[in-house]
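Engineer:
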Amino acid sequence: MDDWKHDHLGNQIIILSNQVKHYLHQAAEVEGISGSQSRILHYISEFSKKTEVYQKDVEEFFYLRRSTVTQTLQAMEKNGLIRRSSVARDARLKKLELTEAGQALEAKIHTRVMQMEQRLSDCLSEEEITQFLLITDKLGAELISLGAPEIKQACK
């Protein structure tokens with residue numbers, strides 16, 4: 001059974017992805033928020049430096065339903081992590097912004113994420129990292145050609 005696990009690329013990718021997700025969820029949960037809330041905090045933090053961020057942007061970036069994002073943002077607002085501000089050009093639009101508490105929490109979690117990134121990078125040579133990135137790009141392109149959705153890179 002162990003041979004099967006190592007002989008299938010898709011399975012290995014899923015295993016690695018799940019390990020990273022579990023680590024990220026743990027980093028967020030230690031701080032009292034969910035992994036989803038952590039990712040949304042980071043998204044708002046990064047993209048609000050360049051442009052205004054709205055709920056629709058979060059929905060599209062993470063491929064989430066409106067109801068899911070509404071519920072998550074409401075919890076984040078209730079916990080004082082974000083605020084929704086009206087936009088002068090359209091009162092119906094609410095810009096998403098991090099509060100000071102949200103900024104501090106995002107920075108704290110981001111530090112833990114970067115520590116994980118550093119540990120992963122440290123166990124590979126520069127050549128292995130370059131090769132890994134080339135391989136993942138190639139596999140991603142192949143999956144898109146098979147009909148998988150093209151996923152936007154998070155905050156590159």
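1 is the number of the first residue of the sequence shown in UniProt numbering; add one for each residue after it.
Ideal Cβ positions, reconstructed from N, Cα and C, are used throughout, including at glycine.
The structure displayed is predicted, hence computed values, not measured ones.
Return the bridge partner residues of K95 from the DSSP annotation.
Structural biologist: Y54, S85
Engineer: Determine the DSSP secondary structure at K156, reduced to helix, strand or coil.
Structural biologist: Confidence at K156 is low in this model, with a pLDDT of 44, below 50, so its placement is unreliable and the value that follows should be read with caution. Three-state DSSP puts K156 in coil, outside helix and strand.
Engineer: Put L9 into one of helix, strand or coil per three-state DSSP.
Structural biologist: Of the three classes helix, strand and coil, the one that applies to L9 here is helix, per DSSP.
Engineer: Report back the beta-carbon spacing between residue 158 and L139 to the nearest angstrom; my notes put them in contact at under 8 Å.
Structural biologist: For the chain, the structure presents residues 1 to 156; residue 158 sits outside this window and is missing.
Engineer: So what does D137 bridge to, in DSSP terms?
Structural biologist: According to DSSP, D137 bridges with nothing at all.
Engineer: With a cut-off of 8 Å, do at least 3 Cβ pairs link the segment 110-118 to the segment 20-32?
Structural biologist: yes
Engineer: Report yes if the C-beta distance between R66 and E59 is below 7 Å; otherwise report no.
Structural biologist: yes
Engineer: Determine, using beta carbons only, whether F132 comes closer than 7 Å to chain B.
Structural biologist: Looking for chain B here will not work: only one protein chain is present.
Engineer: Tell me which same chain residues have a C-beta within less than 7 Å of the C-beta of S34, skipping the five on either side of it?
Structural biologist: A28, listed in sequence order.
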